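Residue 124 is where the sequence shown ends in the working numbering, and the numbering goes up by one at each step. One structure below.
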Amino acid sequence: MPKPKKAARGKHRWIGFRIENTSTREELKRLLKANLRGSEWRLFDMLETRESTLAILKTPLGDFQQIILQINNSEGMETLTSSGKIRLVRKRLNETLGNDPSDTV
């Protein structure tokens, strides 16, 4: 069966955020499941720093505003950037770390 055309897949947004006190990808997924109930999302990138963890979620456009609110209302989590392109979110997160923007998270 052929892959659906781009328009049929729907619009989505990428959200870059910071979270404190998480050590593994599985732990982060459990935390997100608990805090983002009722919203559709998929965890893509995760990068641990000394102080916190940076991560990128993909979400449908319809859930975007709700997920932003849920992340920012969760203790130890804050959104840093969002875009319709993952490349831009990765670049902005790298800039917050002081890394070369051409690197990827």
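Where is the CB? At the ideal position from N, CA and C, for every residue including glycine. On a predicted model such as this, the values are computed, not experimentally measured, just so you know.
Alpha-carbon to alpha-carbon, residue j and residue i
i	j	result
N91	D64	19 Å
I86	T100	13 Å
F36	E70	13 Å
M96	K24	35 Å
P79	T41	25 Å
K22	G29	13 Å
G117	K110	10 Å
S102	E67	21 Å
E39	A27	36 Å
Residue i in three-state terms, based on DSSP
i	result
E67	strand
T78	strand
R111	helix
E39	coil
E59	coil
E94	coil
Outcome for residue i when other beta-carbon atoms lying within 10 angstroms are tallied against a minimum of 16
i	result
L72	According to the sequence shown, residue 72 is Thr rather than Leu. Counting Cβ neighbours within 10 Å, T72 comes out buried, since at least 16 surround it.
L76	buried
K52	exposed
Closest residue to residue i among the options (Cα-Cα distance)
i	options	result
H31	N113, L88, E114 and R61	R61
D82	R49, I34, N113 and E114	I34
G57	G29, N113, L112 and L88	L88
E45	R109, R28, P21 and A74	A74
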